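A.B. asks: The structure under discussion is supplied below as structure tokens; questions concerning it will follow.
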Amino acid sequence: MYNGSPTIDFALARWELSETDDHQATLSIGRHKNPIGLYNATRDVAHTRPSVFVPQSVYFDRVRNLLLSSDGVMLHLDHYADFGELSLDAGVGKPVLDKNVEVMLLGRDWPGDLSSGRPARLGRIRFTTPDQRWQAALSYADTQIAFDPAAGSIPGPGTTHIGYLVASLQFNQGNWTVTGEYMLEPASAKGFGAPFDNEVTGEGYYLQLQRYVGPSLSLHVRYEEAYLDRDDRNGRASALRTGLPASFFFAKSWTVGARWDVTSRLMLSADFSGNDGNYFLSSRDNPSPAALKRRWNMISILASYRF
Numbered sequence: 160m161y162n163g164s165p166t167i168d169f170a171l172a173r174w175e176l177s178e179t180d181d182h183q184a185t186l187s188i189g190r191h192k193n194p195i196g197l198y199n200a201t202r203d204v205a206h207t208r209p210s211v212f213v214p215q216s217v218y219f220d221r222v223r224n225l226l227l228s229s230d231g232v233m234l235h236l237d238h239y240a241d242f243g244e245l246s247l248d249a250g251v252g253k254p255v256l257d258k259n260v261e262v263m264l265l266g267r268d269w270p271g272d273l274s275s276g277r278p279a280r281l282g283r284i285r286f287t288t289p290d291q292r293w294q295a296a297l298s299y300a301d302t303q304i305a306f307d308p309a310a311g312s313i314p315g316p317g318t319t320h321i322g323y324l325v326a327s328l329q330f331n332q333g334n335w336t337v338t339g340e341y342m343l344e345p346a347s348a349k350g351f352g353a354p355f356d357n358e359v360t361g362e363g364y365y366l367q368l369q370r371y372v373g374p375s376l377s378l379h380v381r382y383e384e385a386y387l388d389r390d391d392r393n394g395r396a397s398a399l400r401t402g403l404p405a406s407f408f409f410a411k412s413w414t415v416g417a418r419w420d421v422t423s424r425l426m427l428s429a430d431f432s433g434n435d436g437n438y439f440l441s442s443r444d445n446p447s448p449a450a451l452k453r454r455w456n457m458i459s460i461l462a463s464y465r466f
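Residue numbers (the numbering used here): 160 to 466.
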């Protein structure tokens, strides 16, 4: 998906607008992390989650840069009260586009250029109880992406509008943590011509359970599903439209694993995932979809050291 060249994930200037005992307000300008769900802003910080990878049903790695950050302005508000902490993020920004986004939208790298049709709009409201037992959030983002083809090339000059709505809930009790998130992704593509023009609503969700079995060791299990089109869960209609295998348009996955905090800085984790469907996989890394197996397994091992 990515060639390993250095890129800037975030770089910003932040101003403190106001701070009192019960609230704080800041304004950031630059490349900021998109406030989506519970994990997006910290998805590259391995210590902030139990598993090797963030749940792919909500946080797609195949278009990581598009989800991760934007270039623009972000307002952050915190309000502290006896009933808990309420935070609000709201901003606009230019999405970070790359070839992975083009391959996701149009199936391959076509002659031409992608650009943002207008600034992306981002927002999240989050509530946390004083004892940290409950955390709930509602996130929204939308963007427009335009394609300007080379002369005489297909597809035509089209625009894709993408919305992204995520509802999040987490519960902590003793040695247990339960996390669930649900995502809807309405998307419409117009002006490209057949078979690229389309209008669908994607869907993804997961439920994750983490159990601490000692001061430095935890076990976790997660089930997740995702669909390109919530009205075409078996992928057959999308397969007829595109000529790709039906399994390319859905994914169902079980993940079990363990995390060991060796020290406060060093963390080791390992996962086993059993998958049905190929929707989580990058089209750019897998240019021959017919060669993919519908059912496949993955073992992941991660070592992370923080400074």
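Glycine included, every Cβ here is placed at the ideal spot set by N, Cα and C. Source: prediction; values computed, not measured.
What residue range is occupied by the uninterrupted alpha helix (DSSP H) comprising V260?
C.D. replies: Where V260 is concerned, the enclosing alpha helix (DSSP H) stretches over 258-265.
A.B. asks: Identify, in the order they occur along the chain, each residue of the same chain with its Cβ nearer than 6 Å to the Cβ of V260, setting aside the five sequence neighbours on each side.
C.D. replies: Contacts found: V222, L225.
A.B. asks: Taking the alpha helix (DSSP H) that S463 falls in, what are its first and last residues?
C.D. replies: Segment 454-464 is the beta strand (DSSP E) holding S463; no alpha helix (DSSP H) there.
A.B. asks: Looking at S298 and V108, is the spacing between their C-beta atoms short of 8 Å?
C.D. replies: Past the edges of the chain, shown from 160 to 466, lies residue 108, and the structure says nothing about it.
A.B. asks: Taking 8 Å as the cut-off, decide whether the C-beta atoms of E384 and G361 are in contact.
C.D. replies: In this structure, G361 does not lie closer than 8 Å to E384 by Cβ.
A.B. asks: If we call anything under 8 Å between Cβ atoms a contact, is S210 one with R381?
C.D. replies: Contact flag set, yes.
A.B. asks: One question on the structure: do W469 and S312 come within less than 8 Å of each other, judged by their Cβ atoms?
C.D. replies: Past the boundaries of the shown model lies residue 469; the chain is included only from 160 to 466, so the question cannot be answered.
A.B. asks: Determine the direct distance from the alpha carbon of G373 to that of K253, and round the result to whole angstroms.
C.D. replies: Approximately 44 Å, taken between the alpha carbons.
A.B. asks: So, with DSSP's three-state summary, where would you put L403?
C.D. replies: In this structure, L403 counts as coil in the three-state DSSP scheme.
A.B. asks: Exposed or buried, what is N437 when buried is set at 16 or more other beta-carbons lying within 10 Å of its beta-carbon?
C.D. replies: Counting Cβ neighbours within 10 Å, N437 comes out buried, since at least 16 surround it.
A.B. asks: Flag this pair as touching only if the stretch 224-241 and the stretch 180-193 have three or more C-beta atom pairs under 8 Å; answer yes or no.
C.D. replies: Short answer: they touch.
A.B. asks: Between W455 and E178, what straight-line distance do the alpha-carbon atoms span, to the nearest angstrom?
C.D. replies: W455 and E178: Cα-Cα distance of roughly 51 Å.
A.B. asks: With a threshold of 16 other CB atoms inside 10 Å of the CB of Y365, please say whether the residue is buried or exposed.
C.D. replies: Y365 is buried by the Cβ-count criterion.
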